[in-house]
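Each residue of the sequence shown is one higher than the one before, counting from 1 in UniProt numbering.
Think of the CB as a built atom: it goes at the ideal place given N, C-alpha and C, for glycine as much as any other residue.
From a predicted model like this one, the values you see are computed outputs, not experimental measurements.
Notes follow the structure.
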Amino acid sequence: MRVLLVEDNPILSRSLTDALTGARLTVDCMYDGEAADHVLRTQDYALVILDLGLPRLDGLEVLRRLRARRNLVPVLILTAHGSVEDRVKGLDLGADDYLAKPFELTELEARARALIRRSHGHEPLRAQCGPLAYDSVDRGFSIDGEPLALTPRERAVLEVLILRNGRAINKETLSQKIFGLDESVNADAIEIYVYRLRRKLEHHAVAIVTLRGLGYLLEAKPQ
């Protein structure tokens with residue numbers, strides 16, 4: 001799951017990023033309202049965590065523009081000093097929840113998880129491709145009924161592939177979903193994780209295939 005964090009305080013931004021990453025979320029960080037507005041026009045997120053006191057464009061305007069585009073991504077707003085007026089404005093503009101500073105990181109994690117669960121419905125998501133099964137509750141994979149041991153990056157790649165429902169995804173898009181907007185990561189790094197996953201799947205009736213011009217596709221092998 002990718003989260004957009006919009007917070008102009010670099011120390012707080014780093015702390016929040018570390019906490020969310022520890023909760024197995026991929027975090028993109030923006031430090032001003034204009035940058036956040038731009039990226040929200042071009043990228044999809046499972047959640048937006050939005051500070052209201054932002055330079056260049058305040059958080060309420062970012063939220064107003066987001067909802068004007070009929071983008072229904074969950075938004076958790078961060079307010080300074082628990083301002084009632086800011087909370088009311090944010091909720092009226094379409095925010096889903098708010099946290100008043102200062103707050104505990106554990107509360108932020110809990111609220112983030114709750115908003116993401118709510119936006120995806122209350123039922124746990126399960127997916128299957130041949131003998132490979134995925135359960136969104138614990139983000140675990142099993143194959144032929146046995147748990148499949150994966151590193152966090154391998155699991156993230158396989159999650160994207162199994163949730164594509166038989167649709168191919170190109171390397172650049174897959175890289176963006178895994179690494180977010182980190183320009184220091186070369187898209188070719190995805191090839192390493194795909195190679196490792198192929199090794200782990202090679203003796204089972206499921207495979208990651210490469211479709212020329214289209215990208216990677218997870219498919220079940222014929223029995």
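- Taking 8 Å as the upper bound for CB-CB distance, L4 and D28 are in contact here, some 5 Å apart.
- Looking only at L174, H203 and L201, the smallest Cα-Cα distance to E191 is reached by L174.
- According to DSSP, V3 shares a beta bridge with V27 and L47.
- About 6 Å separates the beta carbons of K89 and L60, which is inside the 8 Å limit, making them a contact pair.
- Taking the Cβ atoms as the reference, Y98 lies roughly 5 Å from I77, within the contact range of under 8 Å.
- Taking 3 residues as the shortest admissible run, the UniProt domain "OmpR/PhoB-type" (123-220) contains the following complete beta strand (DSSP E) segments, listed from N- to C-terminal end: 126-129, 132-135, 140-143, 206-211 and 215-220.
- The way I'd put it, the stretch 149-164 does touch the stretch 191-201; three or more beta-carbon pairs between them come closer than 8 Å.
- Beta-bridge annotation (DSSP): V75 is paired with V48.
- Secondary-structure assignment with DSSP links A80 through a beta bridge to K101.
- Burial check for L50: the Cβ neighbour count within 10 Å reaches 16 or more, so the residue is buried.
- One alpha carbon belongs to D8, the other to L57, and they sit about 11 Å apart.
- Between K101 and S13, the alpha-carbon positions lie close to 13 Å from each other.
- Assignment of P10 by DSSP, reduced to helix, strand and coil, places it in the helix class.
- In this structure, DSSP gives L54 a state outside helix and strand, which the three-state scheme calls coil.
- For L211, the closest C-alpha among the options M1, N170, D18 and E202 is that of N170.
- For A220 against A205, the beta-carbon gap comes to about 6 Å, under 8 Å, which counts as contact.
- When the five nearest sequence neighbours on each side are left out, the beta carbons in the same chain lying within less than 6 Å of the beta carbon of C129 are those of I162, V206, L218 and A220, in order along the chain.
- Taking T26 as reference, the option from A156, H38 and V62 with the minimal CA-CA separation is A156.
- For D96, the closest C-alpha among the options E104, R113, L105 and A80 is that of R113.
- The Cβ atoms of R64 and L93 sit closer than 7 Å to each other.
- When the five nearest sequence neighbours on each side are left out, the beta carbons in the same chain lying within less than 7 Å of the beta carbon of A127 are those of Y134, I162 and L163, in order along the chain.
- Residue environment analysis places D18 among the exposed positions, since fewer than 16 neighbouring C-beta atoms fall within 10 angstroms of its C-beta.
- In this structure, L108 keeps its C-beta atom at 7 Å or more from the C-beta atom of L66.
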